[in-house]
Amino acid sequence: MQVKKVLTYLAVAFVVFYLFTQPRNAAAAVNSVFDGIVNGANQLAVFFTNVVT
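The sequence shown begins at 1 in UniProt numbering and counts up one residue at a time.
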């Protein structure tokens with residue numbers, strides 16, 4: 001259990017470090033993640049629309 005906690009802290013520290021050293025790239029990465037989520041949701045909506053109709 002201790003290893004998981006340490007790895008979590010390291011991951012958070014890396015994200016904070018990346019955010020402060022590369023803010024433009026970090027924003028682009030977050031934007032890409034949200035674009036992927038929106039695209040996936042849209043495709044799921046199209047699928048269910050085609051199933052129902």
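Glycine residues also receive a C-beta, built at the ideal position from the N, C-alpha and C atoms. Keep in mind that this is a model prediction, so the values were computed, not measured.
Continuous alpha helix (DSSP H) stretch holding F2: start and end: It is worth fixing the name first, because residue 2 is Gln in this sequence and not Phe. For Q2, the enclosing alpha helix (DSSP H) starts and ends at 2 to 21.
Measuring straight from C-alpha to C-alpha, what distance separates F20 and A27? Straight-line Cα distance between these residues: approximately 11 angstroms.
To the nearest angstrom, how far is it from the Cα of V12 to the Cα of V6? Cα to Cα, the separation comes out at about 10 angstroms.
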